[in-house]
Amino acid sequence: MDRDRLRGVRDGMRIWVARPEPGATRTGARLATLGHRPLVAPVLTVRPTGARLPGDAFAGLILTSANAVTALEPEDCARLRTVPTFAVGSRTAALARAAGFADVREAAGEATSLARLVAASLPPGARLLHAAGAERKAEPAAALVAAGFRLTVQDVYAATAAARLPGAVAEGLGHGGLDAALHYSRRSAQVAHDLASAEGLGGAFAALTHYCLSADVAVPLVAAGVAVHFVAERPGEDALFAGLPAPGPTGLR
Numbered sequence: 006m007d008r009d010r011l012r013g014v015r016d017g018m019r020i021w022v023a024r025p026e027p028g029a030t031r032t033g034a035r036l037a038t039l040g041h042r043p044l045v046a047p048v049l050t051v052r053p054t055g056a057r058l059p060g061d062a063f064a065g066l067i068l069t070s071a072n073a074v075t076a077l078e079p080e081d082c083a084r085l086r087t088v089p090t091f092a093v094g095s096r097t098a099a100l101a102r103a104a105g106f107a108d109v110r111e112a113a114g115e116a117t118s119l120a121r122l123v124a125a126s127l128p129p130g131a132r133l134l135h136a137a138g139a140e141r142k143a144e145p146a147a148a149l150v151a152a153g154f155r156l157t158v159q160d161v162y163a164a165t166a167a168a169r170l171p172g173a174v175a176e177g178l179g180h181g182g183l184d185a186a187l188h189y190s191r192r193s194a195q196v197a198h199d200l201a202s203a204e205g206l207g208g209a210f211a212a213l214t215h216y217c218l219s220a221d222v223a224v225p226l227v228a229a230g231v232a233v234h235f236v237a238e239r240p241g242e243d244a245l246f247a248g249l250p251a252p253g254p255t256g257l258r
């Protein structure tokens, strides 16, 4: 780590939080309590689609994001309250319980563990409902269908990419005012890279210290030739934050 970067650690790193709200502000506040200097500037905006869930009977409800929980209509939450609910991770599970779901089962933070949890809990052939985002990866749907489950997918939220790089980020990249970036999803990492490149700041973006929530999140950065400094051992903010240096006289833990 060079002298200028070491000075940044000593004073707290200036870290770009590109994830969508409401998580971005929560992450920024946590960084600030640790002595870092967050720049909360999402590149995606998440909004409910307004779609209602099908009225059919299902043996399980799949939730792969906290955004899905907050996008559900109260009437749907009430109707499906007793249906076994499979949440991808701890935050999604906590929100599902707060929304009134009575039987919430928590996976280990990623799609493959969620598919395994469903397969261990319900018989093949069971009907499942996935409350999902409009832009999503193949899993866990592919694994569940391959295991013999009958899956219905309903898009309850969508994430729209920003048209341009946030001004504060462009200024920080242009004047060396950013040290690092936190990446929470593959799509937000891709959009952050593409927007920076479109502004002619691809080199400055690549020079940041990049922290990724999982190996999957790091994929678009690696594909673009951007060095990823740290990948969390498991998909969760605690594991991600474990890679951050602690501000102090030496910048060392």
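Counting from 6, one number per residue, gives the positions in the sequence shown under this note's numbering. The beta carbon of each residue, even a glycine, is placed where N, CA and C say it ideally should be. Note that this is a predicted model, so its numbers are computed, not measured.
Buried versus exposed call for residue i [16 or more other C-beta atoms within 10 Å across all chains shown]
{"i": "G179", "result": "exposed"}
{"i": "E115", "result": "buried"}
{"i": "D340", "result": "Nothing about residue 340 can be read from this structure; the chain reaches only from 6 to 258."}
{"i": "G177", "result": "buried"}
{"i": "E111", "result": "buried"}
{"i": "P250", "result": "buried"}
{"i": "G153", "result": "exposed"}
{"i": "A168", "result": "exposed"}
{"i": "A146", "result": "buried"}
{"i": "H215", "result": "buried"}
Nearest neighbour of residue i, chosen from the options [CA to CA]
{"i": "T273", "options": "A209, G33 and A64", "result": "Within the shown structure, residues of the chain are numbered from 6 to 258, placing residue 273 beyond reach of any answer."}
{"i": "R239", "options": "A247, A37 and A173", "result": "A247"}
{"i": "P171", "options": "R121, T75 and E204", "result": "E204"}
{"i": "T38", "options": "L183, M18, V48 and P47", "result": "M18"}
{"i": "A148", "options": "G94, H198 and I67", "result": "I67"}
{"i": "G230", "options": "A211, D221, A237 and G241", "result": "A211"}
{"i": "D16", "options": "H41, R155 and A71", "result": "H41"}
{"i": "L58", "options": "P27, A46 and V74", "result": "V74"}
Euclidean distance between Cα positions of residue i and residue j
{"i": "A98", "j": "L44", "result": "28 Å"}
{"i": "G60", "j": "A92", "result": "20 Å"}
{"i": "L200", "j": "G130", "result": "43 Å"}
{"i": "T87", "j": "L134", "result": "14 Å"}
{"i": "A194", "j": "A228", "result": "11 Å"}
{"i": "L187", "j": "V224", "result": "14 Å"}
{"i": "S190", "j": "A120", "result": "19 Å"}
{"i": "G33", "j": "E144", "result": "29 Å"}
{"i": "G181", "j": "L36", "result": "20 Å"}
{"i": "D160", "j": "C217", "result": "26 Å"}
{"i": "P89", "j": "A113", "result": "17 Å"}
{"i": "A197", "j": "V222", "result": "12 Å"}
{"i": "A232", "j": "A185", "result": "12 Å"}
{"i": "T30", "j": "V22", "result": "9 Å"}
{"i": "A237", "j": "R84", "result": "37 Å"}
{"i": "L100", "j": "A163", "result": "18 Å"}
{"i": "V123", "j": "R96", "result": "18 Å"}
Touching by the beta-carbon criterion (3+ pairs, under 8 Å), the segment 69-80 and the segment 93-106: yes
Three CB pairs or more closer than 8 Å across the segment 129-141 and the segment 48-61: Here the segment 129-141 lies against the segment 48-61, with 3 or more beta-carbon pairs under 8 Å apart.
Alpha helix (DSSP H) runs wholly inside the segment 196-258, at least 4 long, in chain order: Annotation note: the segment 196-258 contains the following uninterrupted alpha helix (DSSP H) runs of length 4 or greater, listed N- to C-terminal: 207-211, 220-228 and 242-246.
Within the segment 95-181, ranges of the alpha helix (DSSP H) (whole runs, at least 4 residues): Counting only runs of 4 or more, we get 95-103, 116-126, 146-151 and 172-179.
Segments of 4+ residues assigned as alpha helix (DSSP H) that fall wholly inside the segment 31-95: 71-76 and 79-84
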